[in-house]
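A short worksheet on the structure shown next.
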Amino acid sequence: MTSRQALTLYVNELFSSIQGESTRAGLPCGFIRLAGCNLRCAWCDTSHAFEDGRDMTVAEILAAVKQWGLPLVEITGGEPLAQPGCVSLARALLAAGYTTLVETNGSLPVAVLPEKVIRILDIKCPGSGMNDRMHWPNVEALTARDEVKFVLAHRADYDYAMETMRRYSLADRGIAALLSPVPNRLDAQQLAAWMLEDSVSARLQLQLHKHIWPPDMRGV
Ligand code: SF4
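In our numbering, each number is its position in the sequence shown, counted from 1, plus 407.
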């Protein structure tokens with residue numbers, strides 16, 4: 408990796424909003440959405456991040472983040488780990504005192520990230536069409552600081568999530584699990600019923616920002 412790759416990122420959008428997902432849902436949060444993704448999930452809601460972007464240095468991104476005046480920042484995508492500069496950016500955010508979240512699609516090693524980063528690891532279920540791309544050592548490497556997200560399109564995805572939670576002992580390891588229904592594909596009430604029936608140790612996650620603003624609105 409050249410030093411230029413480490414210090415320059417291809418950025419799709421920068422915005423402050425209300426965190427819509429994770430255990431920090433509801434908190435004001437700054438978002439750095441990096442462009443490009445190595446997967447193509449069937450239900451992807453951020454395909455606008457596949458191509459469009461602009462080059463920014465870590466210093467330029469930090470200057471934008473500072474203007475928001477928020478202690479919580481998330482690097483997301485696209486797939487942030489597809490860009491080598493993501494690691495330098497995470498380091499710089501931590502050094503500047505931000506609580507730093509990185510949401511990743513799980514297909515690339517998360518071990519490259521600094522220890523203090525809070526990793527939100529998507530575990531792709533069969534309904535995404537991308538479950539065979541998962542880098543499973545990522546799940547073993549998680550700590551109680553990290554979180555796991557399953558996006559569910561149907562009952563088979565729910566069963567897959569339950570089995571994966573058991574196989575990796577997520578609850579025993581204190582790792583928060585988030586179950587998020589695909590809008591217009593899986594009814595939240597149905598998911599709630601399954602979770603109550605099984606006494607699941609996980610959170611039902613609705614994308615809060617899509618309830619505050621129109622579901623297809625960008626930059627929120
Ligand atoms: S990993 Fe995320 S950005 Fe990439 S295709 Fe899947 S949902 Fe879309």
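We put the beta carbon where it would ideally sit given N, CA and C, even for glycine. Computed from a prediction, not measured in an experiment: that's the story for all the values here.
- For residue 436, the secondary structure class from DSSP, reduced to helix, strand or coil, is strand.
- A direct Cα-to-Cα measurement between residue 603 and residue 611 gives close to 11 angstroms.
- Taken in chain order, the unbroken stretches of beta strand (DSSP E) that lie wholly in the region 462–538 and span 3 residues or more are 479–483, 506–511, 525–529.
- Sequence-distant partners of residue 613 (beyond 5 residues in either direction) whose C-beta falls short of 7 angstroms from its own C-beta, in its chain, are 595.
- With respect to the C-alpha of residue 496, the residue from 588, 418, 590 having the closest C-alpha is 418.
- Rounded to the nearest whole angstrom, the CA to CA distance from residue 432 to residue 479 is 11 angstroms.
- Not one heavy atom of the ligand SF4 is found less than 8 angstroms from the C-beta of residue 515.
- Distance from the C-beta of residue 512 to the nearest heavy atom of the ligand SF4 is below 8 angstroms.
- Counting only beta-carbon distances shorter than 7 angstroms to the non-hydrogen atoms of the ligand SF4, the qualifying residues in chain order are 444, 446, 447, 448, 451, 452, 453, 454, 456, 484, 485, 486, 512, 529, 535, 537.
- Ranked by Cα distance from residue 422, the first of 414, 457, 483, 450 is 483.
- The residue from 598, 553, 566 with its alpha-carbon nearest to that of residue 577 is 553.
- As DSSP reads the structure, residue 584 sits in a beta bridge with 555.
- Taking the C-beta atoms as reference points, residue 517 is found no nearer than 9 angstroms to residue 477.
- Here residue 545 carries a helix assignment [DSSP, helix/strand/coil].
- Assignment of residue 593 by DSSP, reduced to helix, strand and coil, places it in the coil class.
- Just so you know, the alpha carbons of residue 490 and residue 532 end up roughly 24 angstroms apart.
- Between residue 530 and residue 557, the gap from beta carbon to beta carbon is short of 9 angstroms.
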